[in-house]
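If you're matching positions, the sequence shown starts at 1 in the working numbering and goes up one per residue.
For every residue, glycine included, the Cβ atom is placed at its ideal position computed from N, Cα and C.
Read through the structure below, which is laid out as structure tokens, and then see the notes.
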Amino acid sequence: MNFMLGFFVTVVVNRWTTQFANLGMIDNIALFTSQLVKGNDDRGKNLRRNIVRYCVVSQCLVFRDIHLGVRRRFPTLETMVAA
């Protein structure tokens, strides 16, 4: 019985950590973007800003599907645009 319970807990924890790791945090993308997109002019700043904004929007769309609090904060796409 202990073996089966230990196996079940291990499977559940591994499944949770895999899902959490695959959510797609945008920290690395933002760091790579700031390093790879050169230019201190308006074009470079706008390009970096838009790339990170698109990543934030995509992350928010994913979180809307899996988290009730985010769904309450952004019930429609229009509320996301307004924010």
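Classification of residue i by the beta-carbon crowding that lies within 10 angstroms, buried from 16 upward
i, result
"residue 15", "exposed"
"residue 64", "buried"
Within-7 Å CB hit, residue i to chain B
i, result
"residue 11", "No chain B is part of this structure, which consists of one protein chain only."
Residue i - containing alpha helix (DSSP H), residue span
i, result
"residue 14", "2 to 21"
"residue 37", "From DSSP, residue 37 is part of no alpha helix (DSSP H); its letter is neither H nor E."
"residue 41", "No alpha helix (DSSP H) contains residue 41, which DSSP labels as neither H nor E."
"residue 82", "77 to 82"
Where residue i falls: helix, strand or coil (DSSP)
i, result
"residue 25", "coil"
"residue 30", "helix"
"residue 63", "helix"
Supposed close pair residue i, residue j - CB separation, criterion 8 Å
i, j, result
"residue 34", "residue 48", "6 Å"
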